[in-house]
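Asker: Structure below; questions to follow.
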Amino acid sequence: MTEQGQPRPQRIGDAERDSAAELLREHMAQGRLSPEEFDERIGAALQAKVASDLDPLFTDLPGPRPGQTVATTPSYETPPWQRPATPAPTDLPTPAVLPPRTGGAEALRGLTGALWIVIPLAITFIPQLGWPSFWWLIFIPTMISMVLGKSESDRDRERKRIAHEQERLDKRRRALGD
1 MTEQGQPRPQ
11 RIGDAERDSA
21 AELLREHMAQ
31 GRLSPEEFDE
41 RIGAALQAKV
51 ASDLDPLFTD
61 LPGPRPGQTV
71 ATTPSYETPP
81 WQRPATPAPT
91 DLPTPAVLPP
101 RTGGAEALRG
111 LTGALWIVIP
121 LAITFIPQLG
131 WPSFWWLIFI
141 PTMISMVLGK
151 SESDRDRERK
161 RIAHEQERLD
171 KRRRALGD
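Next up, the structure:
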């Protein structure tokens with residue numbers, strides 16, 4: 001038993017002994033130990049039972065000691081959630097509106113045109129197929145496409161107007177030196 005106030009000796013295992021042996025091999029490779037000193041110290045390291053048995057083997061050697069953690073660079077890339085956030089650039093102008101979308105209104109106009117071809121054919125042939133009371137249902141998609149096509153067209157026109165206004169304001173700011 002140890003006296004009260006003194007720390008108890010910390011027992012070590014094979015991993016700690018192997019670590020000490022590896023450190024001694026590195027010191028020998030650096031020329032800090034002669035072959036005789038290395039043999040003597042490696043024998044003592046492999047016979048060590050507690051951490052304090054390893055301390056005398058490294059007192060006259062520089063660098064890390066067994067049991068000390070050495071700060072190393074990780075061999076893996078830091079995950080994105082642990083990286084510091086990249087600040088947004090502040091010198092770039094932020095657009096006031098998104099760029100205008102194209103294609104939506106044109107597609108609906110094409111659908112409307114196709115429906116104007118299909119409707120007369122449907123009116124002509126549906127009664128002959130035995131569906132005389134349901135021929136008017138063909139007007140529902142036609143009306144929807146006409147209403148949505150017009151509103152999409154208006155939205156495209158508004159987006160273009162806002163983009164043009166934004167460009168005009170940007171030119172004016174550049175001319176004034178802001």
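In full-length UniProt numbering, the protein residues as written are 1 to 178.
Backbone N, C-alpha and C fix where the C-beta goes; we use that ideal spot for every residue, glycine too.
Every value quoted in this text rests on a predicted model; they were computed, and no experiment measured them.
1. Going by C-alpha distance, which of Arg17, Leu33, Asp170, Pro7 is nearest Pro62?
2. Based on the DSSP secondary-structure assignment, which residues constitute the bridge partners of Val50?
3. In its own chain, which residues sit with a C-beta less than 7 Å from the C-beta of Met28, not counting the 5 before and 5 after it?
4. Inspect the beta-carbon positions of Arg17 and Leu46 and report whether they are closer than 7 Å.
5. Rounded to a whole number of angstroms, what is the C-alpha to C-alpha distance between Ala48 and Pro80?
6. Starting from the C-beta of Ile42, find all residues in its chain whose C-beta is less than 7 Å away, skip the five residues before and the five after it, and write them out in chain order.
7. Unbroken alpha helix (DSSP H) runs of length 4 or more, entirely within the UniProt region "Disordered" (154 to 178): which are they?
8. Which term fits Met1, buried or exposed, when burial requires 16 or more other beta carbons within 10 angstroms of its beta carbon?
9. Please work out which residues of its chain come closer than 7 Å, Cβ to Cβ, to Ile119, disregarding the five sequence neighbours upstream and downstream, and give them in chain order.
10. For Gly31, does the three-state DSSP call read helix, strand or coil?
11. Reducing DSSP to helix, strand and coil, say where Gly63 ends up.
12. Cβ of Arg11 within 7 Å of Cβ of Val50?
13. Terminal residues of the continuous alpha helix (DSSP H) containing Pro56?
14. May I have the straight-line CA-CA distance separating Arg172 from Arg157, to the nearest angstrom?
15. Put Arg83 into one of helix, strand or coil per three-state DSSP.
Answerer: With the structure as the only source:
1. Answer by Cα proximity: Leu33.
2. Arg11, per the DSSP bridge assignment.
3. The beta carbon of Met28 sits closer than 7 Å to those of Phe38, all from its chain and outside the five residues before and after it, given in chain order.
4. Contact annotation: Arg17 and Leu46 have beta-carbon atoms nearer than 7 Å.
5. Cα-Cα distance, rounded: 43 Å.
6. The answer, listed in chain order, is Ala21, Leu24.
7. Complete alpha helix (DSSP H) runs here, min 4: none at all.
8. For Met1, the predicted structure reports a pLDDT of 49, less than 50, and the residue's modelled location is therefore unreliable. A value from the coordinates is still provided. Per the 10 Å Cβ criterion, exposed.
9. For Ile119, where only same-chain residues beyond five positions count, the Cβ hits under 7 Å are Ile138, Thr142.
10. Coil.
11. Looking at Gly63 - three-state DSSP - the assignment turns out to be coil, as it is neither helix nor strand.
12. Judged by their CB atoms, Arg11 and Val50 are nearer to each other than the 7 Å cut-off.
13. Pro56: member of the alpha helix (DSSP H) spanning 55 to 58, first to last residue.
14. CA-to-CA, the gap between Arg172 and Arg157 works out to about 23 Å.
15. Arg83 carries a coil assignment under DSSP once its states are collapsed to helix, strand and coil.
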